[in-house]
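*Asks:*
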Amino acid sequence: MNNEDEWEYSINLPHSPVAVGVARGALRLMLRAHGLGELLVTAELLASELVTNAHVHAPGPSCLRVKRSGKWLRLSVWDTSSEPPRPARRPCGADREEGRGMEIVEELADRWGHYSLGAPGRSGKLVWCELGEG
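Residue numbering for the sequence shown follows the UniProt record's numbering, starting at 1 and increasing by one per position.
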């Protein structure tokens, strides 16, 4: 693995529904610039769900971090809520429009998790997921 296999970007997002589209657009640019187009569709959906979850469940801004390390692509979103994400365990009707985000993350990511942050000036939580190449 050389240094070109490792990189990291962060984008601070306001508490706005527009932030989801901005995050997706930035992620597309990052992955294409680094020749990772094969991960684009899945990574974009995962990032959308993580940022949407932050917008819906946290009262403040969020931050999307995209990190490449070896064969792994990690997407993480920090937000101002301390409540952990929970995949909905309700029946999914075809017409249900909300509550599926973390189920999608659980299904598509190779691994995912979260942890609380308690540092001064950076409280809240971080939700992350990873995709492996190949």
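Yeah, the Cβ is synthetic: ideal placement off N, Cα and C, and Gly gets one too.
Bear in mind that the values here come from a model prediction, so they are computed numbers and not experimental data.
Measuring only the C-alpha atoms, how far is A43 from L27?
*Replies:* Rounded to the nearest angstrom, the two C-alpha atoms are 8 Å apart.
*Asks:* Report the option in M30, V77 and R68 whose CA atom is closest to the CA atom of A58.
*Replies:* V77
*Asks:* Beta-carbon within less than 8 Å of E19's beta-carbon, same chain only, minus the 5 sequence neighbours each way: which residues are those?
*Replies:* This sequence places Ala at residue 19; Glu is not what is there. Taken in chain order, the residues that qualify are L13, V51, H55 and S62.
*Asks:* Helix, strand or coil, according to DSSP, for S69 in the structure here?
*Replies:* strand
*Asks:* State buried or exposed for L64, treating a residue as buried only when at least 16 other CB atoms are found within 10 Å of its CB.
*Replies:* Burial call: buried.
*Asks:* Have a look at S81 and S123 and give me their C-alpha separation to the nearest angstrom.
*Replies:* 8 Å
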